[in-house]
Each structure stands twice: as structure tokens, then as C-alpha cells.
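Everything on this sheet refers to the single structure shown next.
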Amino acid sequence: MCGRFTLRATATQLVEFFDLFQPVELPPRCNIAPTQQVAIVRQTPSGRDLSLLRWGLIPSWAKDAKIGSSLINARSESAAEKPSFRSAFKKRRCLIPCDGFYEWEVISGQKVKQPWLIGVGDTPVFAFAGLWETWHDPAGVAVETCSILTTSSNELLRPFHDRMPVILDPADFALWLDPAVQTADPLLPLMAQFPADRMHRYRVSTVVNSSRNERPECAVPLDSAAQ
DNA sequence: CCAGACGTTGTT
DNA sequence: GTCTGG
DNA sequence: CCAGACGTTGTT
DNA sequence: GTCTGG
24 MCGRFTLRAT ATQLVEFFDL FQPVELPPRC NIAPTQQVAI VRQTPSGRDL
74 SLLRWGLIPS WAKDAKIGSS LINARSESAA EKPSFRSAFK KRRCLIPCDG
124 FYEWEVISGQ KVKQPWLIGV GDTPVFAFAG LWETWHDPAG VAVETCSILT
174 TSSNELLRPF HDRMPVILDP ADFALWLDPA VQTADPLLPL MAQFPADRMH
224 RYRVSTVVNS SRNERPECAV PLDSAAQ
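Position in the first sequence (first residue = 1) + 23 = this note's numbering.
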């Protein structure tokens, strides 16, 4: 599954990979956590646009924002039907740029979990499949939120979880973002497991365990010689 | 009709 | 907002 | 996802 | 144990 990730790509890399219609410079992030601002790519009439919104989808009908922190992921198999996600799945799909995500290994007898950083080998940046939504707080202020879709894990991720984030192939970006597509049928094949042989992983420092730590050290290989 | 739920994950 | 349960 | 808190009252 | 905050 996916609860923490990195985005250190430059504006140029983002423009090229996502075909953005205007560049956006983002500060490098090594430890993006739920409830924080994340960058998403949306299709607008002018082109593909990058904006920042809160991670943890709050359905439009929610009475308070709390539910958002438990909706950081959405199951791809059911998002089209679930009340919390179906409206967003139909009309508000997005890409979530990423260049690595963390998984934690539970080692028996050890209290502290060992984090790993997972990457896609052949691209400097890649895309999670995401959904976004608008919620209005009690004062009427609009809050935009998002969620990352999940699928069953491939061999590389299975040691950590039975779920992994949906990673989209750039060839599928246009269909995923197409506002005219409002049914799950043509989208289901896009949400398959990303192949394990195109991904890699390495251990990183437990510094990343606390979402308060944003230092670059979070994403540095622990023992590069041994990996 | 109204009231109440609406989600994911991991762990046991 | 929309569906399910009573 | 993990870390960290987990409470009430009255007074300032 | 469970919820909240980041």
C-alpha cells in the first residue's frame, strides 16, 4: 500500500514526463505524509495542470474532515462503486507524481520498523493513479483532497503488504485523465500490477519513520554496497 | 417515509 | 450526494 | 504510513 | 487499544 513517498523531480522533468502546459517549481520532498500537501496532475481545458492539495480524500458529504485521514488509499477494484470514491472515480481522476515510495518491514523482536524506498527503474519520475475531491468546511471554504488507488502487490512489494499503489504507464495517461471516460470498464486494465522487474528497492534510515523529518537522508540507501 | 452509513490498512 | 435498512 | 497522545477544571 | 496529527 502507500502511505509515504518522495517527489524530488525538477520542474523540467515534471513538464516533460506529464506534458504540463506550464512549468511548476516544487521544493524537493523526501517524506510526503498523509494530510500534507501533495502535487497532482489534472486535465483542464488548457492542458495538464499541476496543483497542490491535501492527501486524504474527504467526500463532499462528509460532516468533518477527520474521515480524510483514513481515505489516503482507495481500492481500484471497488472505487467506482464505493460512496466515498465513486463520484471522484467518474469525474475527478488525476495523476500523482512520485519518484519513490516507502514500505516498512516488521522485524520480529524489533520494536522499530525498517523502512525501504521503492522505485521504478527506468524513469526518474512516475505516476500513481489518483482521485481528487472538493469538500466544503463548515465555514464554506473549499478544501481539495486526493487519494491514491491500490491494487494487489507484485513480488517486490508482497513481503511488505498485499496491496501496492497503482502505477500508470505514460501511454495510459490520456485515457486515465479523459473526462469523457466515465465508466470503469476501459479503466480497469490500467490499474493492473506494475511489473516487479521494472522496480527496485533499498533499505533507508529509520529517520523517515517520523513524518516530521524531511531531511534528504530519508531517501538515502542505508547500505548501498550490500544491496 | 426518515435515519444512518458511507473507507483502507494491518493485526489478531 | 446516494444508497440501505427499518 | 508511523509517532504520539490519550483529561478536566478554572484561571490568566 | 485506538485515535489524531503530520
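Quick reminder that beta carbons are idealized off the backbone N, C-alpha and C, glycines included.
Could you pull the DSSP bridge partners for residue i from this structure?
i, result
"residue 157", "167"
"residue 223", "142"
"residue 175", "186"
"residue 150", "120 and 191"
At what residues does the beta strand (DSSP E) containing residue i begin and finish?
i, result
"residue 76", "70–78"
"residue 62", "60–67"
"residue 30", "28–30"
"residue 232", "First-last for residue 232: undefined, no H or E at that position."
"residue 53", "52–55"
"residue 188", "186–188"
What does the Cβ neighbour count give for residue i, buried or exposed, with the cut at 16 atoms within 10 Å?
i, result
"residue 124", "buried"
"residue 248", "Residue placement at residue 248 is flagged as unreliable, the pLDDT there being 49, under the threshold of 50; a coordinate-derived value is accordingly withheld."
"residue 163", "exposed"
"residue 227", "buried"
"residue 203", "exposed"
"residue 32", "buried"
"residue 67", "exposed"
"residue 170", "buried"
"residue 250", "Confidence in residue 250 is poor, its pLDDT being 48 and thus under 50, which makes the residue's placement unreliable; the coordinate value appears in the next sentence. So residue 250 ends up on the exposed side."
"residue 168", "buried"
"residue 157", "exposed"
"residue 199", "buried"
"residue 62", "buried"
"residue 13", "No statement about residue 13 is possible, as the shown extent of the chain runs from 24 to 250 and does not include it."
"residue 129", "exposed"
Could you give the first and the last residue of the continuous alpha helix (DSSP H) run that contains residue i?
i, result
"residue 198", "196–200"
"residue 41", "34–41"
At which residue ranges does the segment 92–144 contain complete alpha helix (DSSP H) runs of 4 or more residues, listed in the order of the chain? Annotation: the segment 92–144 contains the following complete segments of the alpha helix (DSSP H) (minimum length 4 residues), in chain order: 109–114.
On the three-pair Cβ rule with 8 Å, is the segment 203–223 touching the segment 175–194? A contact exists between the segment 203–223 and the segment 175–194.
So does the segment 100–109 actually touch the segment 44–57, counting three or more Cβ pairs closer than 8 Å? Output reads no: the segment 44–57 does not touch the segment 100–109.
Hey, is the segment 228–236 in contact with the segment 121–141, meaning 3+ C-beta pairs nearer than 8 Å? Touching, per the Cβ criterion.
Is the segment 113–121 touching the segment 144–156, taking contact as three or more C-beta pairs under 8 Å? The segment 113–121 is in contact with the segment 144–156.
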